[in-house]
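Under this note's numbering, the first residue of the sequence shown is numbered 6, with each subsequent residue one higher.
C-beta: ideal position from N, C-alpha, C; glycine also.
Computed from a predicted structure; not experimentally measured.
This report refers to the structure that appears directly beneath it.
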Amino acid sequence: MDLAPVKKLHIAVFISGGGSNLQALIDACSDPDFPAQIGLVIANRPDAYGLKRAEKAGIPAIIVDHKAYENREGFETALSNALNTIHQQHPIDLVCLAGFMRILSAEFIEHWAGRIINTHPALLPKFGGPGMYGTYVHEAVLAANERESGASIHYVIPEVDQGPVILQQSVPVLPGDTPETLAERVIAQEHILYPEAIRILAEKLL
Ligand code: GRF
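Right under this line is the structure:
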């Protein structure tokens with residue numbers, strides 16, 4: 006008896022760098038029962054290593070270099086056009102920001118309201134907001150003598166990092182931790198949480 010094909014979210018993943026979170030999503034999507042597939046990867050930097058990960062996985066990727074546009078409006082128009090190129094083949098249901106380092110406008114975000122999520126390497130709402138990205142987050146956590154940090158997958162709203170949290174997991178801050186050792190412990194949780202968050206969204210959106 007033919008089982009009904011698993012209904013899947015078609016996701017677009019936005020990256021700027023190494024793409025380890027993209028890789029976690031690629032790996033999750035390789036399970037035929039996982040309720041999502043990656044329709045498109047968009048990188049705002051031509052040198053993003055994540056582009057190689059997309060290529061290896063056979064996923065369409067488009068570079069939309071923010072430096073090529075005079076302003077954010079032009080950049081975001083190009084982002085939307087890139088999304089629309091794939092939209093015609095299969096509508097993108099969910100935009101996943103994964104190590105994406107550009108702040109998106111309220112207009113762009115509101116167009117995707119409820120269908121755009123992000124990973125942040127801290128226990129939001131703590132240690133979030135403008136300027137709180139990458140190593141700056143871990144430096145701030147250590148400077149505050151926090152006993153724990155963690156990873157948060159959250160909805161994106163116009164206010165940076167203030168959207169409702171979907172999933173969160175704490176990790177201990179250990180004696181002698183450096184921003185690098187803490188980052189490594191946190192990002193390992195991101196890689197676990199992000200696919201799980203997409204499962205939750207699949208329940209809601211499919
Ligand atoms: C991750 O900690 C992410 O939360 C932050 O950038 C780091 C690198 O992400 N925004 P990736 O390896 O490019 O997915």
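Beta-carbon gap between residue i and residue j smaller than 8 Å
i: L84; j: I47; result: yes
i: S175; j: M106; result: no
i: A202; j: I162; result: no
i: A41; j: I68; result: no
i: L102; j: N123; result: yes
i: A207; j: L56; result: no
i: G133; j: A127; result: yes
i: I97; j: G24; result: no
i: Y160; j: G104; result: no
i: A59; j: L88; result: no
i: L99; j: A156; result: no
Residue i versus residue j - alpha carbon distance
i: F19; j: S154; result: 24 Å
i: E144; j: T183; result: 8 Å
i: S211; j: F39; result: According to the sequence displayed, residue 211 carries Leu and not Ser. When rounded, the distance between both Cα atoms is 13 Å.
i: K12; j: Q94; result: 16 Å
i: P200; j: I192; result: 13 Å
i: R77; j: R50; result: 15 Å
i: P37; j: N150; result: 43 Å
i: E185; j: G136; result: 18 Å
i: R190; j: G79; result: 37 Å
i: C34; j: V146; result: 32 Å
i: Y131; j: A148; result: It is worth fixing the name first, because residue 131 is Lys in this sequence and not Tyr. Spanning the two alpha carbons is a distance of roughly 13 Å.
i: K209; j: I31; result: 21 Å
i: Y138; j: H125; result: 8 Å
i: S110; j: P177; result: 34 Å
i: E112; j: H71; result: 17 Å
Residue i burial status per 10 Å Cβ neighbour count (16 or more: buried)
i: D166; result: buried
i: T90; result: exposed
i: A66; result: buried
i: E213; result: An answer regarding residue 213 cannot be provided, because it is not within the stretch 6 to 211 covered by the chain.
i: E195; result: buried
i: R152; result: exposed
i: L8; result: exposed
i: G63; result: exposed
i: G168; result: buried
i: L129; result: buried
i: L172; result: buried
i: I108; result: exposed
i: Y141; result: exposed
i: A53; result: buried
i: A188; result: buried
Residue i CB to nearest heavy atom of ligand 2 below 7 Å
i: L211; result: Although ligand 2 was asked about, the structure shown includes only ligand 1 as ligands.
Residue-level contact to chain D via CB, residue i, 8 Å cutoff
i: R120; result: Going by chain labels, chain D is absent from the structure shown, which holds only one protein chain.
Ignoring anything shorter than 3 residues, give me the beta strand (DSSP E) runs that lie fully in the segment 10-92, in order along the chain.
Those beta strand (DSSP E) runs which fall completely within the segment 10-92 and span 3+ residues are 14-20, 41-48 and 66-68.
Minimum length 3: unbroken beta strand (DSSP E) runs contained in the segment 147-194:
Within the segment 147-194, the beta strand (DSSP E) runs of at least 3 residues that lie entirely inside it are, in chain order, 153-160 and 170-177.
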